[in-house]
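Undergrad: Residue numbers (the UniProt record's numbering), protein chains in the order written: chain V, 1 to 320; chain C, 1 to 320.
(1) Measure the alpha-carbon distance for residue 179/V versus residue 277/V and round it to whole angstroms.
(2) Which residues mark the beginning and the end of the alpha helix (DSSP H) in which residue 74/C is found?
(3) Quick one: what's got a C-beta closer than 6 Å to residue 24/C's C-beta in the same chain, skipping five residues either side?
(4) DSSP three-state call for residue 268/C: helix, strand or coil?
(5) Nearest CA to the CA of residue 93/V: which residue from 256/V, 106/V and 52/V?
(6) Roughly how many angstroms lie between the CA atoms of residue 129/C and residue 96/C, to the nearest whole one?
(7) Should residue 173/V go down as buried or exposed, given a rule of 16 or more other Cβ atoms within 10 Å for buried?
(8) At the level of alpha carbons, what is the spacing between residue 224/C and residue 182/C?
(9) Taking DSSP as the reference, what is the three-state secondary structure of residue 210/C?
(10) If you run the structure through DSSP and keep just helix, strand and coil, what is residue 24/V?
(11) I believe residue 55/C touches residue 54/V by the beta-carbon criterion, under 8 Å. Please report the beta-carbon distance rounded to the nearest angstrom.
(12) I'd like the list of long-range same chain contacts for residue 145/V, defined as Cβ closer than 6 Å, with 5 residues on each side in sequence excluded.
(13) Look at the Cβ atom of residue 294/C, then the Cβ atom of residue 169/C, and state whether they are nearer than 7 Å.
(14) Nearest chain C C-beta to residue 64/V closer than 7 Å, yes or no?
(15) So with CB distances below 7 Å, who are the chain C contacts of residue 140/V?
(16) Kindly list the residues whose CB is nearer than 7 Å to the CB of residue 78/C, restricted to its own chain and excluding five residues on each side of it in sequence; keep chain order.
(17) Which one of 127/C, 193/C and 227/C has the shortest CA to CA distance from residue 84/C?
(18) Rounded to a whole number of angstroms, what is the C-alpha to C-alpha distance between residue 319/C and residue 5/V?
(19) Taking the beta carbon of residue 252/C as the centre, do at least 16 other beta carbons fall within 10 Å, making it buried, or is it exposed?
(20) Output yes if chain C places a C-beta closer than 7 Å to the C-beta of residue 205/V; else output no.
(21) Taking C-beta pairs closer than 7 Å, name the residues in chain C that residue 156/V reaches, listed in chain order.
(22) Around the Cβ of residue 259/V, are there at least 16 other Cβ atoms within 10 angstroms (buried) or fewer (exposed)?
(23) Using CA coordinates, which residue listed in 38/V, 298/V and 112/V is at the minimum distance from residue 62/V?
(24) Within 10 Å of its beta-carbon, does residue 310/V have 16 or more other beta-carbons around it, so buried, or fewer, so exposed?
(25) Residue 13/V and residue 162/V - do their beta-carbons sit closer together than 7 Å?
(26) Along the beta strand (DSSP E) that carries residue 133/V, what are the first and last residues, could you check?
(27) Using only CA atoms, which one of 18/C, 16/C and 43/C lies nearest to residue 156/V?
(28) Would you verify that the beta carbon of residue 90/V is, or is not, closer than 7 Å to some beta carbon of chain C?
(29) Output yes if chain V places a C-beta closer than 7 Å to the C-beta of residue 10/C; else output no.
(30) If the cut is a Cβ gap below 7 Å, which residues of chain C does residue 220/V touch?
(31) Residues in its own chain within less than 6 Å of residue 148/C by CB, not counting five upstream and five downstream?
(32) Quick check on residue 237/V: does DSSP put it in helix, strand or coil?
(33) What three-state label does DSSP hand residue 120/C in the structure shown?
(34) Could you name the residues that DSSP lists as bridge partners for residue 149/V?
(35) Rounded to whole angstroms, what's the CA-CA distance from residue 153/V to residue 219/V? Just pull it up for me.
(36) Tell me where the beta strand (DSSP E) around residue 275/C begins and ends.
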């Protein structure tokens, strides 16, 4: 990859034009060995050695999923890519390629789009995935539409396979992004650790394939909220799930934010989304793969309980 | 597939909510045999027997790519799917699956979204492709972000393989959608044939794989404009292309619209996009596969000429 040229200071998206902007972004997208045809043709072509292709699409809309005064464009790029790659992770797969569709206001600084692209490419590079194509058009607000492709070494892990008697386990941080969002929402920028957790989640990308190989029966990533997403898993599997609240260490930043905002810190853990940890169920007796740790159990029935009780807090985010 | 239930009259997107709307749309997406996991999990999983996956993403934004008073939601769905599937066609591939990302205003009638989904699904069904996933979120304007996946039986046909001496050929209608857009732009609804051509393009979906098998050296679909898109092919291949204007029959509706609007009808053919015909180059002497017909030639040099002259008209659409 050639070293990208700096943009003319103050140039807008309209100044560069569609093809000028595409050229700027494409030189920032390194193409890995799985790419047969990268950006620039009618379509991209990916080498797919496995018999299954995993696909997921997610949209981020400005002022709904991100605010330009709360996160840099690079942060938004990292987060947009992370939430998509996490969906492949939650199937037990590995992401191989992304496409990026952008609707951009004409007066948006072109540097913002370039920084966004660099964030997407950097996050994709964490798992060895390439940005292989996309589309740019004018819109009245910023929309980032990412589609991720991936592959599975073993059969994909669905939401529907949990069985009574299984152990419920989690891999990755939970509650930090929600605490960060709460802090930003009150006009603060600290504790910095939770703000950064909101701006750039760090999903446990190796945990998905590890869970699949270890025989996970069901899996989902926590994007909307722990209780909300476990609700999807319970419904998909036709089981009941109980979460033990004492399985969660309430990390110092969560306690600090809770104290400052007058919020029970466990609410960040149970209701928070956007950290993108994985929650998976395993047959009893399974040696849990790193970094999974047990947080509850699966029983016959339906719905999600916390310590045997219906959870009364906010279960998570809804889009309308 | 169960028969979809009718919506409550007057319900908005916000009335149904994210999951309610998703449930309405998903029951309209029939899943073909290539789908291993359809909508409803973290990601979809597609069976991919071939070693290559073709991928393309396109966005449509309200009032930029479509107007709700010029086209029904079903039309918009057909067109959004068609322009994506056409990109796979232009690689010589066949579309197998689509994902659909939607940003929708909360007060949008839910019926509009349902009709859009039915249009997308119906167009996809023309090539045997399934809608296997997507995302819905709130936005201040409608954005339809489609990603299409496909497969190639033979090596994909790129934009870069045209050689001096090749024959230039086209498959499909050209200029009709542009004439339709011109008519709509002046507030008219007829001739109906060109208005419908704009609302629902009919790309020649069998022509792409046929061209690939016949040994096409380069191929592109006309989405921005004939001269503009041939310019991409010429630049990609490092050749010059000459189009013979007398190779085009000026169909009656184009002549009628030209006369009514005071426009030379050949301009619709040379500058118009969105009909999504394929233009391809073949080695001299190749028996052109149906429905390709010769329209010009490839020579050493660069750029696109019409009857040996630089084209002075509008070459096509730009996005900023």
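Yeah, the Cβ is synthetic: ideal placement off N, Cα and C, and Gly gets one too.
As the structure is a computational prediction, the values presented were derived from the model and not from experiment.
TA: Short version:
(1) Roughly 15 Å between the two C-alpha positions.
(2) 73-89
(3) 114
(4) helix
(5) 52/V
(6) Each residue's Cα considered, the two are about 4 Å apart.
(7) buried
(8) 15 Å
(9) helix
(10) helix
(11) Between residue 54/V and residue 55/C the Cβ distance is about 13 Å, and since that is not below 8 Å, they are no contact.
(12) 59 and 101
(13) In this structure, residue 169/C lies closer than 7 Å to residue 294/C by Cβ.
(14) yes
(15) 140 and 141
(16) 119, 122, 123 and 200
(17) 127/C
(18) Here residue 319/C scores only 47 on pLDDT, less than 50, and its place in the model should not be relied on; the value that follows carries that caveat. C-alpha separation (whole angstroms): 23 Å.
(19) Flag for residue 252/C reads exposed.
(20) It does not: the Cβ of residue 205/V has no partner Cβ on chain C nearer than 7 Å.
(21) 37 and 45
(22) exposed
(23) Closest by alpha carbon: 112/V.
(24) exposed
(25) no
(26) Residue range 130-138 is occupied by the beta strand (DSSP E) that includes residue 133/V.
(27) Among 18/C, 16/C and 43/C, the Cα nearest to that of residue 156/V is on 43/C.
(28) yes
(29) no
(30) Going along chain C in sequence order, the residues near residue 220/V (Cβ under 7 Å) are 42.
(31) 56, 84, 85, 88, 95 and 98
(32) helix
(33) helix
(34) 55/V and 97/V
(35) 16 Å
(36) Per DSSP, residue 275/C belongs to no beta strand (DSSP E) and is neither H nor E.
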